[in-house]
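Residue numbers (the numbering used here): 265 to 466.
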């Protein structure tokens, strides 16, 4: 995470979850993040192909030149990038991962705007991660911000962040048996936030 807004939101989310896989939607207090609230949003994960914007901050709406509440989050992306964003959102909702998207946003200008999106899992009505808390933070906000709306955006890079250094679905298994599953302990290597399991052809 390179943008200060992303780091602030992640730190707040991590503090509120207090060791659980993700906080509940009701635990998120807008007043606690008032300094970055205008850059935040909440998505409702309907299925693997649909995540609708439930709430969006004023700066984010200004970026697109319209109210985006009710719009599909995937519809903000180009056809070439939509499936990649959907896959990332699925990892957030099913595996409890955090996701960072670096993107270039284009208005009717020569130069794109560089932006960082952060996606974090939330619980709402039940045990699943059916909401996503996110932020949309622009680097070097241009002078025309808010007057010339973004009309397309393209992915520069994608990254998953594992808050507990492992996917959510592995936590009960690992906590019962120790730090790594015995069946793969001999072939497991740590690479950043990921565990790499060496395997062969069968």
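In this text, a Cβ means the ideal position worked out from N, Cα and C, and glycines have one as well.
Same chain, Cβ closer than 7 Å to residue 354, neighbours up to 5 away in sequence not counted: Contacts found: 312.
Compute the Euclidean distance between the alpha carbons of residue 279 and residue 386, then round it to the nearest angstrom. If you take the alpha carbons of residue 279 and residue 386, they lie about 13 Å apart.
Just checking, does the region 354-368 make contact with the region 376-393 on the three C-beta pairs under 8 Å criterion? Judged by Cβ distances under 8 Å, the region 354-368 makes contact with the region 376-393, as three or more pairs qualify.
Touching by the beta-carbon criterion (3+ pairs, under 8 Å), the region 324-340 and the region 405-423: Result yes; three or more Cβ-Cβ pairs closer than 8 Å.
Between residue 342 and residue 418, which are expected to be in contact by the criterion C-beta below 8 Å, what is the C-beta distance as a whole number of angstroms? Under the criterion of beta carbons closer than 8 Å, residue 342 and residue 418 qualify as touching, at roughly 6 Å.
Ordered along the chain, which non-local residues of its own chain (more than five positions away) have a Cβ less than 6 Å from that of residue 315? Closer than 6 Å at the Cβ level, and outside the excluded window around residue 315, lie 307, 309, 337, 353.
Label residue 437 either buried or exposed according to how many other C-beta atoms from any shown protein chain fall within 10 Å of its C-beta, with 16 as the threshold for buried. The predicted position of residue 437 is uncertain, since its pLDDT is 42 and thus under 50; a value taken from the coordinates is nonetheless stated next. When all chains shown are included, residue 437 counts as exposed.
Taking the alpha-carbon of residue 393 as reference, which of 266, 289, 272 has the nearest alpha-carbon? Distances from the alpha-carbon of residue 393 to those of 266, 289, 272 put 289 closest.
Output needed for residue 372: all residues of its chain with C-beta closer than 8 Å, excluding positions within five of it in sequence on either side, in chain order. Closer than 8 Å at the Cβ level, and outside the excluded window around residue 372, lie 412, 415.
So, is residue 339 buried or exposed, given that buried needs 16 or more other C-beta atoms within 10 angstroms? Exposed, since its Cβ has fewer than 16 Cβ neighbours within 10 Å.
Name the residue from 375, 426, 428, 422 whose alpha carbon lies nearest to the alpha carbon of residue 345. Minimum Cα distance to residue 345 is reached at 422.
So what's residue 421 in DSSP terms, helix, strand or just coil? Residue 421 falls in the strand class under three-state DSSP.
Select from 376, 287, 297, 284 the residue whose C-alpha is nearest the C-alpha of residue 399. With distances taken between CA atoms, residue 399 lies nearest to 297 out of 376, 287, 297, 284.
Determine, using beta carbons only, whether residue 313 comes closer than 8 Å to chain C. Among the chains in the structure shown there is no chain C, since it carries only a single protein chain.
Cβ atoms of residue 285 and residue 334: under 8 Å apart, would you say? No; because the gap between Cβ atoms is not below 8 Å, this pair is not in contact.
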